[in-house]
Amino acid sequence: MSIFDLNGKAAVITGGNGGIGLAMAKALVDAHCAVSIWGRNADKLQAAAKELGARGGNVHAVSCDVTDPHEVQRSFTAAVDRFGRIDGCFVNAGTGGGGRRSFLERTPEEWRRMFDVNLDAAFHVLQTAARHMVANAEAGRPGGRLVATSSIGALFGVARNEHYGASKAALNALIRALAVELARHGITANAILPGYSETEMTAGLFANEKFRDAVIPRIPMRRFGRVEDFGGIAVYLMSDASAYHTADCIVIDGGYSAY
Ligand code: NAP
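Residue numbers for the sequence shown follow the working numbering, beginning at 407 and rising by one.
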């Protein structure tokens, strides 16, 4: 199992105070990776840090709104100060569309907000992390992992959520470009595309019986995703086992997209 041992490595996880991000942080901690979790909600952040600490994790919790480039820079610097070096960056914070309104009613503000959180913030965080990793490479310490939580919404037509799908499709394109540009420094870049999964973001959607009844039969595994389903991929992408795995959009959806 030593190829999955992350002892001596450190990762930043945006949106690491809940949902898929916290599940990734738990799996990373269990594999002995130090983690810097970022989020806005102070109570969730505190509870997540406590939970990770109880698992024996070396945890750094940072209050950060990732749409603010200054906060991103401050938070990343704090993480580097704490751990000395950041080996992996999980750009996971995101917002959902809710699926409440038709495209015909979409306001420019809703469209802008979606891209602020799901794409522009990813740009701020990934650029900050990439600059750090390239500087390390130029100092003779190559390597680094960039990972984005995208969505199968980038692949499918999701009615009333076109702004969400568009933001995640752009995120996939961003990741592929970084994989090509940064490979010479030993840096990999991949996207994880979860299918429908039970988190705070989807609680409203999943409360809708009509939605559940329509979607479950389309999932060969016959269940929605659970946050724990995304821990293993986080550990793999941080580990030496994935050193040659880059520019991928990894779908984890219980088979939904193949059916
Ligand atoms: P979640 O539990 O609602 O998590 C969203 C996370 O993003 C929270 O930790 C939240 O922290 C953080 N966040 C949102 N806006 C932020 C901001 N401006 N600055 C800093 N942090 C911010 O939902 P989730 O399902 O785990 O979502 C995680 C990722 O998975 C998202 O990118 C989402 O698009 C993606 N995804 C989810 C599903 C699904 O079915 N659940 C499917 C495909 C993709 P605060 O609460 O502190 O703001």
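In this text, a Cβ means the ideal position worked out from N, Cα and C, and glycines have one as well. Values in this document were obtained by computation on a predicted structure and should not be read as measured data.
{"Check": "Report all residues from its chain with a CB closer than 7 Å to the CB of Gly559; omit the five preceding and five following residues, and keep chain order.", "Outcome": "Asn567, Tyr570, Gly571 and Lys574"}
{"Check": "With a threshold of 7 Å, establish whether the CB of Met350 neighbours any heavy atom of ligand 1.", "Outcome": "Because residue 350 is not part of the residues shown, which for the chain are 407 to 665, the question remains open."}
{"Check": "Taking 7 Å as the cut-off, does the CB of Pro600 come closer than this to any heavy atom belonging to ligand 1?", "Outcome": "yes"}
{"Check": "Tell me whether the region 431 to 446 and the region 460 to 476 touch, counting them as touching only if at least three CB pairs, one residue from each stretch, are closer than 8 Å.", "Outcome": "yes"}
{"Check": "Tell me whether Ile426 counts as near ligand 1, meaning its Cβ is closer than 7 Å to at least one heavy atom of that ligand.", "Outcome": "yes"}
{"Check": "Who are the near neighbours of Glu606 in its chain, counting only those whose CB is closer than 8 Å to its CB and skipping five residues on each side?", "Outcome": "Gly424 and Gly425"}
{"Check": "The beta strand (DSSP E) with Ala460 in it runs from where to where?", "Outcome": "Not the beta strand (DSSP E): Ala460 falls in the alpha helix (DSSP H), residues Ala448 to Ala460."}
{"Check": "Please determine whether the Cβ atom of Ala527 lies at a distance below 7 Å from any heavy atom of ligand 1.", "Outcome": "yes"}
{"Check": "Let me know the secondary structure DSSP gives Val397 once reduced to three states.", "Outcome": "This structure cannot speak to residue 397, because the chain is shown only from 407 to 665."}
{"Check": "Could I get the ranges of all uninterrupted alpha helix (DSSP H) runs contained in the region 601 to 659, with 4 residues as the minimum, in chain order?", "Outcome": "609 to 612, 615 to 621 and 637 to 644"}
{"Check": "For a test of the three-state rule: what should DSSP assign to Arg512, helix, strand or coil?", "Outcome": "coil"}
{"Check": "Return the first residue and the last residue of the beta strand (DSSP E) that His466 is part of.", "Outcome": "Val465 to Ser469"}
{"Check": "Only counting the same chain, and skipping five residues up and downstream in sequence, which positions put a Cβ closer than 7 Å to that of Leu434?", "Outcome": "Leu412, Ala417, Val441, Ala640, Val641 and Met644"}
{"Check": "Measuring straight from C-alpha to C-alpha, what distance separates Phe612 and Asp635?", "Outcome": "18 Å"}
{"Check": "Near His591, what residues of its chain come up, given a Cβ to Cβ distance below 6 Å and the 5 sequence neighbours on each side ignored?", "Outcome": "Val540, Ala543 and Pro548"}
{"Check": "Arg597: which of Ala528, Ser556 and Arg537 sits nearest, CA to CA?", "Outcome": "Arg is not the amino acid found at residue 597; the sequence shown has Ala there. That would be Ser556, whose Cα lies nearest to the Cα of Ala597."}
{"Check": "Looking at C-beta atoms only, is the number of pairs between the region 624 to 631 and the region 515 to 530 that lie closer than 8 Å three or more?", "Outcome": "no"}
{"Check": "Rounded to whole angstroms, what is the Cα-Cα separation between Gln452 and Gly463?", "Outcome": "14 Å"}
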